[in-house]
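Heads up: the sequence shown at position 93 corresponds to 1464 in the working numbering, and the numbers run straight through without jumps. For each residue, glycine too, the CB sits at the ideal point set by N, CA and C. One structure below.
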Amino acid sequence: MTGKRAFITGITGQDGYYLTRLLLEQGYDVHGLVRRTSSMPRRRIDQLREEMPDYAERITLYYGDVTDASGVIRIVMEQEPDEVYNLAAQSHVRVSFDNPAYTQAVNADGCLHLLEAVRLLNQRKPVKFYQASTSEMYGGIPGTAPQSETTPFHPRSPYASAKVAAFHHTVNYREAYGIFACNGILFNHESPLRGENFVTRKITLAAARIRAGLQSQLALGNLDVMRDWGYAGDYVEAMWLMMQQDESDDFVIASGETHSIRELLDLAFGAVNLDWQDYVVIDKRYLRPTEVEFLRGDASKARRVLGWQPKTSFEELVQMMVDSDCQLAADERRRECS
């Protein structure tokens, strides 16, 4: 039992679920921030409480929003966490083009509000801060792969631009105030809990639903995009390891392998014995105004300093997601037939 207290924003998201689970297993009390307007305010946390009943009393939720500076500072100062993990974000790249100001308010200003809360609390007791950064900050400029901690940023979306601002806010607070503040530059990481509006989950769920006779086709955008995909359950372990170091620093977290949307389609539809080319149609609505074509991360620093490396292969990840979505599709089919 560590006796530590963690405060997590974005606790109801994919990473929030896996990080909460890990921290509970490590003996933490976990406090989380939940928006009243969240589409999934408690379902995943309730699921976690059911899966881990012995830990249920060690999860505490607060309603709030990272865009509310005074509210965030009040909660952090009252709860006095040992570690603060900022996972809250408007995390959909395509949506950021439609809502750039909101994306900036959540992804950049929200980080700044939390850093200010950490700075104030740090005058009273030691506290560590983790900022969820993203590979989208690199922009996939030709000749820059694999991207490392020293690769220049070239954001190509309002989402990425806001994340670059948050990255630099974190570095600035570390250097100006001497607080423990680190950036985890995570490349794409997925799981069965990934939101259904993200392409990986959209594909695995469609494969399962088409196989079950619940869907007839799948509309996608650019099939030639190349990404470095990993398993979210592995990547949250890297977040935690960063926070256990004596000195704060920034780390790329990635698999070091790149795969295309077409490869993902091959694996997902192949897992249910279907040919994706019979069902996939291209829809221009899903094309981004500017696209990041190729990303591959260099996580050698994380391996060397943190002792971290991914445990789950791309093939295992896709199979895991398809299996989960096949169960969801089977449940949906039974409800329709009842």
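Item: Candidates Phe1685, Glu1561, Phe1500 and Leu1594: which alpha carbon is nearest Val1651's?; Value: Leu1594
Item: Can you name, in chain order, every residue of its own chain whose Cβ lies under 8 Å from the Cβ of Tyr1602, other than the five neighbours on each side?; Value: His1560, Glu1561, Ser1562, Pro1681, Lys1682, Thr1683, Glu1687, Leu1688 and Met1691
Item: Name the DSSP bridge partner or partners of Gly1601?; Value: His1560
Item: Between the beta-carbon of Ala1472 and the beta-carbon of Val1437, is there less than 8 Å?; Value: no
Item: DSSP on Asp1439, reduced to helix/strand/coil?; Value: coil
Item: Applying the 10 Å Cβ sphere with the 16-neighbour rule, what's the burial state of Pro1526?; Value: buried
Item: Starting from Gly1668, follow its DSSP beta bridges and name the residues at the other end.; Value: Gln1518
Item: With Tyr1433 as the anchor, note down where its beta strand (DSSP E) starts and where it stops.; Value: Ile1430 to Tyr1434
Item: Once DSSP output is grouped into helix, strand and coil, what is the label at Glu1686?; Value: helix
Item: Ignore the nearest five residues each way along the sequence and tell me which others in Ile1632's own chain have a CB closer than 6 Å to its CB.; Value: Leu1594 and Val1596
Item: Starting from His1525, trace the beta strand (DSSP E) both ways and give me its first and last residue.; Value: That residue, His1525, is in no beta strand (DSSP E); it is neither H nor E in DSSP.
Item: Run through the DSSP bridge pairs and tell me what Ser1504 is partnered with.; Value: Ile1556
Item: Return the CA-CA distance between Thr1571 and Arg1659, expressed in angstroms with no decimal places.; Value: 16 Å
Item: Among Tyr1657, Asp1649, Tyr1456 and Ala1479, whose alpha-carbon lies nearest the alpha-carbon of Gln1615?; Value: Tyr1456
Item: Residues in its own chain within less than 7 Å of Thr1431 by CB, not counting five upstream and five downstream?; Value: His1402
Item: Could you check if Arg1710 is buried or exposed, using at least 16 other CB atoms within 10 Å of its CB as the buried criterion?; Value: In the structure as shown, the chain begins at 1372 and stops at 1709. Residue 1710 is therefore absent and cannot be evaluated.
Item: Quick one, are the C-beta atoms of Ala1533 and Thr1474 less than 8 Å apart?; Value: yes
Item: Quick test of your reading: Ala1670 and Val1623, contact by CB under 8 Å. State the CB separation rounded to the nearest angstrom.; Value: 5 Å
Item: Please check the pair Gln1494 and Val1477, which I expect to be a contact at CB under 8 Å, by giving their CB distance rounded to whole angstroms.; Value: Their Cβ separation, rounded to whole angstroms, is 26 Å, which puts Gln1494 and Val1477 out of contact at 8 Å.
Item: Taking Thr1391 as the reference, give the member of Phe1685, Asn1644, Trp1611 and Ala1701 with the closest Cα.; Value: Trp1611
Item: Within a Cβ cutoff of 6 Å, which residues of the same chain sit near Asp1400, ignoring the five residues on either side of it in sequence?; Value: Arg1376 and Arg1429
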